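Note that my numbering has the sequence shown beginning at 15, numbered continuously upward.
Glycine residues also receive a C-beta, built at the ideal position from the N, C-alpha and C atoms.
In this text the structure is predicted, and so the values were computed from the model without any measurement.
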Amino acid sequence: MSNLDKGTWLVTQLDQIIATFHLPLVEPLGLPAGQPIESYINLNSDMVRILEEAPYELAYQSLDNNRGQVILQSEKARKKLRRKKRRQVWFNKKSLSSSLLVHHVTADPVSRSGIDTAAVVAEIASGERFHVDADTRFTTGNSLPDHIQERIREAAESGIGEVTVIEAAVPLRLIGEVSTIEELISDDAYLEGNADTDLNIELWPLVEYDPDTLKRRLYSALEVALKDVRNVQKSYYAITRHPITLVNKERLPHGLPITLRQLRDVGVPDRTRQVVMEVNRNLWSLMRPRTLSQEQIRDMVRMRGRVDRGTFSSHLDLYREADVALYRQGDTRSGVLFWALSAESLLDELLFHLYWEEKMTPETAADRWINGLETRVKREYASRLGGSWDLTTNGPLMQWNKGVAEVRHRIVHAGYVPTLQEAQGARHAINSLCDFVCNRLTTSSTLARYPRTAISLVGRAGLKSRGVYSRRLRELLKDADEPSWDDTFARWRQAMSRLRTEQVGQRRQPDAERSSLLAVFHPDGNIKWCLHDYEANLATPIVFDVSKLPIAQQRNIKKLHAEYIENGKKMPESLAIYGFDTTTISINNDWREEYHYVPLAEVMVDRSDFQQT
Numbered sequence: 015m016s017n018l019d020k021g022t023w024l025v026t027q028l029d030q031i032i033a034t035f036h037l038p039l040v041e042p043l044g045l046p047a048g049q050p051i052e053s054y055i056n057l058n059s060d061m062v063r064i065l066e067e068a069p070y071e072l073a074y075q076s077l078d079n080n081r082g083q084v085i086l087q088s089e090k091a092r093k094k095l096r097r098k099k100r101r102q103v104w105f106n107k108k109s110l111s112s113s114l115l116v117h118h119v120t121a122d123p124v125s126r127s128g129i130d131t132a133a134v135v136a137e138i139a140s141g142e143r144f145h146v147d148a149d150t151r152f153t154t155g156n157s158l159p160d161h162i163q164e165r166i167r168e169a170a171e172s173g174i175g176e177v178t179v180i181e182a183a184v185p186l187r188l189i190g191e192v193s194t195i196e197e198l199i200s201d202d203a204y205l206e207g208n209a210d211t212d213l214n215i216e217l218w219p220l221v222e223y224d225p226d227t228l229k230r231r232l233y234s235a236l237e238v239a240l241k242d243v244r245n246v247q248k249s250y251y252a253i254t255r256h257p258i259t260l261v262n263k264e265r266l267p268h269g270l271p272i273t274l275r276q277l278r279d280v281g282v283p284d285r286t287r288q289v290v291m292e293v294n295r296n297l298w299s300l301m302r303p304r305t306l307s308q309e310q311i312r313d314m315v316r317m318r319g320r321v322d323r324g325t326f327s328s329h330l331d332l333y334r335e336a337d338v339a340l341y342r343q344g345d346t347r348s349g350v351l352f353w354a355l356s357a358e359s360l361l362d363e364l365l366f367h368l369y370w371e372e373k374m375t376p377e378t379a380a381d382r383w384i385n386g387l388e389t390r391v392k393r394e395y396a397s398r399l400g401g402s403w404d405l406t407t408n409g410p411l412m413q414w415n416k417g418v419a420e421v422r423h424r425i426v427h428a429g430y431v432p433t434l435q436e437a438q439g440a441r442h443a444i445n446s447l448c449d450f451v452c453n454r455l456t457t458s459s460t461l462a463r464y465p466r467t468a469i470s471l472v473g474r475a476g477l478k479s480r481g482v483y484s485r486r487l488r489e490l491l492k493d494a495d496e497p498s499w500d501d502t503f504a505r506w507r508q509a510m511s512r513l514r515t516e517q518v519g520q521r522r523q524p525d526a527e528r529s530s531l532l533a534v535f536h537p538d539g540n541i542k543w544c545l546h547d548y549e550a551n552l553a554t555p556i557v558f559d560v561s562k563l564p565i566a567q568q569r570n571i572k573k574l575h576a577e578y579i580e581n582g583k584k585m586p587e588s589l590a591i592y593g594f595d596t597t598t599i600s601i602n603n604d605w606r607e608e609y610h611y612v613p614l615a616e617v618m619v620d621r622s623d624f625q626q627t
């Protein structure tokens, strides 16, 4: 076994150009200076093909304890592996999306625009390697008169005028030295919103440097960097609830300082190019927040995996938008609209999750779904959670109906602009609704029936504060036989959404030609076959004569099946069969949602997916 087969590795290329963007944020973050944050991409088959066929030497950097270890692999070595028909292990390899580093710069709180702070970090980051810690402070006032520098220093002590700048390094997959490039990079089509950017950085081929490709990839790489920084900001908001404005190109300085260099030249100033890229312009002034504790940083890291697609993440993100609209932009109308949407998302997601925990199939849930939020509130929740869900009785539900839903209707249908008091009242009503729902979920009877929903929404801290974080709940969280709740429920929700869409619109049309032929190994020793249309999320069982496959494939299937049985696997696993003309296969069964037949597409909380046939 090769060293590269063990542990986790970042695959990269040392001669590729790295673009480092210096991104001043709208609000400062309470993250320690020098806090590194990496975003990695798991490799898929297309990415593996690009890497295997790359005519360059690849570098593998360990992401485990020995992070400094680097192993080089030549193109010749990869070809040799292919000639010997030895498959390189790729499942433990990752690609870099971006590498972020947090800086804090003290600027003139009156006149700063953001570009000056980015330039400070760009100047230092473009030099030799350096170390920063929580006590390190950068300032833009070094070349200013003494009395102005003193004013800035006094402001810095109180946190006024501090800007958080994220140093975001993104690999461009361009091989070679940066030579001919303008000092000012500009693209009218991008600035006017008429140019598409390619965020699938992992699918960019490794190619030789040329100025046109560099410019095109720079603008795409900026969007990649912004996407990853937004993920960090969402996670930060999730654990602090400080109103945070998500960074985007419209909120960046008009001219953004960037650094270009080859990966191997990081820390070599005379082999580094600094240029300015025209992006947009904006001005803000902010206060420095309290620095996060190490416990909060750990919580934020855990949140990063949930804030984009996790259960109830839409409610949280819409609530954040409402906070920003009201408390950052003074927009009462947007604030109320976003709070109304966050409430609808909360209530709908709650009902979805209750269905899921009741072991209801997506098909059954789609059939019984009632249109109209108010109608669902009256019929669906009380029988499950108890309590009063009457919209006409004074309480949290009436507050939501009067203070949020009805104000939203006035905005949507009459363009009404709520007063500040109405907007703040809407926020209070949403908080009361959330408290009411969490309190209903944590009654003894409801908690016994819906523990996963309670944990997912109320959270461990909320359960502890209510004195109901029992041994049973702790053991449930540790139960290795439980599916991944967030991932499994997300697939359930998507399946239900597809089925509901079909009920009111056009049905999906499966295509055998684009479908994959799958051999599915089951714990009982059987091998079942199906066609899987990944695009339509449909699959159908088939009867397949394995003797139609080449002898080598037959032997490989037999070998892998024997290993599967020997290892005592408890869940089905699939093997994709490539090179077979799927249009020649007789289809005698209906196409159904993929979870019925395809491993890793499971949706059921009790893992009964393959029994739902």
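- By the Cβ-count criterion, Asn551 is buried, with 16 or more other Cβ atoms from all chains shown falling within 10 Å of its own Cβ.
- Collapsing the DSSP output to three states places Gln523 in coil.
- Out of Leu65, Asn106, Ser59, the CA that lies nearest to the CA of Thr22 is found in Asn106.
- When DSSP states are grouped into helix, strand and coil, Val534 belongs to the strand group.
- For Asp547, the secondary structure class from DSSP, reduced to helix, strand or coil, is strand.
- The continuous stretches of alpha helix (DSSP H) do not include Gly269, which lies in the beta strand (DSSP E) extending over residues 269-276.
- The Cβ atoms of Ser348 and Leu332 do not sit closer than 7 Å to each other.
- In the three-state reduction of the DSSP assignment, Pro46 falls in the coil class, being assigned neither a helical nor a strand state.
- Between Leu45 and Leu306, the C-beta gap is smaller than 7 Å, which places the two residues in contact.
- Going by beta carbons, Leu365 and Glu394 fall inside the 7 Å limit.
- For Tyr369, same chain residues with a beta-carbon under 6 Å away, outside a window of 5 residues either side, are Ala379 in chain order.
- Counted as a single uninterrupted DSSP element, the beta strand (DSSP E) harbouring Pro38 occupies residues 30-38.
- In the structure shown, Asn453 adopts helical secondary structure according to DSSP, grouped into three states.
- Annotated three-state conformation of Asn58 is coil, per DSSP.
- Taking C-beta atoms under 8 Å as the contact rule, Glu176 and Thr120 qualify, at a distance of about 5 Å.
- Beyond the five residues adjoining it in sequence on each side, Arg474 comes within less than 7 Å, by CB distance, of Tyr483 in the same chain, given in chain order.
- Rounded to whole angstroms, the Cβ separation of Val179 and Thr227 is 28 Å, and the two are not in contact under 8 Å.
- With contacts defined by Cβ atoms closer than 7 Å, Glu335 and Phe352 form a contacting pair.
- Our two residues, Lys416 and Thr460, have alpha carbons roughly 27 Å apart in a direct line.
- Taking a 10 Å sphere around the C-beta of Asn245, we find 16 or more other C-beta atoms and assign the residue as buried.
- Its chain contains Pro410, Gln413 as the residues whose beta carbon lies nearer than 6 Å to that of Ser446, once the 5 sequence neighbours on both sides are disregarded; these appear in chain order.
- Between Ala566 and the set Tyr592, Ser588, Met314, the nearest pair of CA atoms involves Tyr592.
- When the Cα atoms are used, Val557 and Ser600 turn out to be separated by approximately 8 Å.
- For Ala553, the pairing in a beta bridge is given by DSSP as His546, Arg606.
- Taking C-beta separations shorter than 6 Å and ignoring five residues to either side along the sequence, the partners of Gly190 in its chain run Glu222, Tyr223, following chain order.
- Here DSSP, grouped into helix, strand and coil, assigns Met585 to coil.
- A Cβ-Cβ contact shorter than 7 Å links Ala533 with Trp543.
- Here Pro185 carries a strand assignment [DSSP, helix/strand/coil].
- Between the segment 462-472 and the segment 490-500, the count of Cβ pairs shorter than 8 Å is three or higher; the stretches touch.
- In the structure shown, Glu71 adopts coil according to DSSP, grouped into three states.
- Between Glu358 and Leu387 the beta-carbon gap is near 6 Å, inside 8 Å, which marks them as a contact.
- In summary, Pro219 is exposed, with fewer than 16 beta-carbon neighbours lying within 10 Å of its beta-carbon over all protein chains present.
- When DSSP reads this structure, Ser53 sits in a beta bridge with Ser112.
- The C-beta of Gln49 has 16 or more other C-beta atoms within 10 Å across all chains shown, which makes the residue buried.
- Val431 counts as exposed, since fewer than 16 other beta carbons sit within 10 angstroms of its beta carbon.
- In this structure, Ser112 and Ala183 form a Cβ contact; the two beta carbons are roughly 6 Å apart against a cut-off of 8 Å.
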